[in-house]
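At position 85 of the sequence shown the residue is numbered 85 (this note's numbering), and the sequence of numbers has no breaks.
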Amino acid sequence: MLGLFWHFFHLLLSIVHAACQLIQGLTYYLTSSGILKQYHIPTLDKLQCLAVVVDSEDAKDADKIIVLLNWLSGFGINYVILYDMEGVLKNSEINLKRMSRNDQPQCPEHDAQSSVSISFPEKMSLEVLSLSDGKEAIVKSANFLYSEFYLNGGNIQYDQTGRAFNELDVGNALRSVGYGGHEPNLMLVIGSARCHLGFPAWRMRYTEIVHIGPLKSMKYGAVVKAIYDFSVKNQNYGS
Numbered sequence: 001m002l003g004l005f006w007h008f009f010h011l012l013l014s015i016v017h018a019a020c021q022l023i024q025g026l027t028y029y030l031t032s033s034g035i036l037k038q039y040h041i042p043t044l045d046k047l048q049c050l051a052v053v054v055d056s057e058d059a060k061d062a063d064k065i066i067v068l069l070n071w072l073s074g075f076g077i078n079y080v081i082l083y084d085m086e087g088v089l090k091n092s093e094i095n096l097k098r099m100s101r102n103d104q105p106q107c108p109e110h111d112a113q114s115s116v117s118i119s120f121p122e123k124m125s126l127e128v129l130s131l132s133d134g135k136e137a138i139v140k141s142a143n144f145l146y147s148e149f150y151l152n153g154g155n156i157q158y159d160q161t162g163r164a165f166n167e168l169d170v171g172n173a174l175r176s177v178g179y180g181g182h183e184p185n186l187m188l189v190i191g192s193a194r195c196h197l198g199f200p201a202w203r204m205r206y207t208e209i210v211h212i213g214p215l216k217s218m219k220y221g222a223v224v225k226a227i228y229d230f231s232v233k234n235q236n237y238g239s
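The following block contains the structure:
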């Protein structure tokens, strides 16, 4: 009896999940085609910096990465951080920036299969990171803290928890060695994993993370909806 109940419950969850996926896909399609007017890109006062975390396997598809950047530039986003663990995007950074200076027409908003040419507005900046950047930042900031607090400190002051330095000191160390950087307000995760894949933790203290699926099935409507949902939320943290 218990086994029968479990199979029924599993079937019910599968049906609900399939229905949610169908509704989500339909929403993305209607948004991309312009039929659904509810989702649009409003003023981006709350979105000063956007991070895009891509699975390294997906990051090899440079064409779709360029299309995504084209969409983001069309939205008027000022600062974009691209990240993948293995540094695939960093290896193609020169090509990305070269394409960003092209004066060719932008691709259609709803078509991720069209031309890879991209024309960024002058105000949009692009930063490309990988896991090795985070490792290097940790090593350099640790050496900086060691030299500041243990080699040159003399009398080391410990707080009530027995720590010689706090989060503020770590942040100052990261900035001192050149690894502070912008903190994204919103992070779009592209790929099968639903996590930040090692994106520098000190740069995402108040970052909202949204998973939008694999790059090969990326929808314009999914990107629009993620940015719209973020823009209309009332966030009190970080203030």
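We put the CB at the ideal spot given by N, CA and C, even for glycine.
Applying the 10 Å Cβ sphere with the 16-neighbour rule, what's the burial state of residue i?
i    : result
M85  : buried
I15  : exposed
W71  : buried
N185 : buried
M218 : buried
S147 : exposed
S141 : buried
V232 : exposed
G3   : exposed
Starting from residue i, trace the alpha helix (DSSP H) both ways and give me its first and last residue.
i    : result
E127 : Taken as a continuous stretch (DSSP letters only), E127 belongs to no alpha helix (DSSP H), being part of the beta strand (DSSP E) at 125 to 129.
D229 : 220 to 231
N70  : 62 to 75
S176 : 167 to 176
N234 : Note, N234: premise wrong, no alpha helix (DSSP H); not H, not E.
Name the DSSP beta bridge partners of residue i, please?
i    : result
I190 : V54
H211 : V189
Out of the options, point me to the one whose CA is closest to residue i's CA.
i    : options               : result
C193 : L13, F5, I212         : In the sequence as presented, Cys is not what sits at residue 193; that position holds Ala. It is I212.
L188 : S132, L4, Y228        : Y228
F243 : Q48, H196, I138, M204 : Here the chain covers residues 1 to 239 and nothing more, so residue 243 does not appear.
K135 : V224, S73, H7, P200   : P200
L82  : L11, N172, H196       : H196
K64  : A222, L215, K233      : L215
Y206 : H182, L22, G191       : H182
G246 : G191, V54, L68, V80   : Missing from the structure shown is residue 246; the chain here goes from 1 to 239 and no further.
For residue i, report the span of its beta strand (DSSP E) as first-last.
i   : result
L82 : 79 to 83
So does the stretch 123 to 130 actually touch the stretch 86 to 93, counting three or more Cβ pairs closer than 8 Å?
yes
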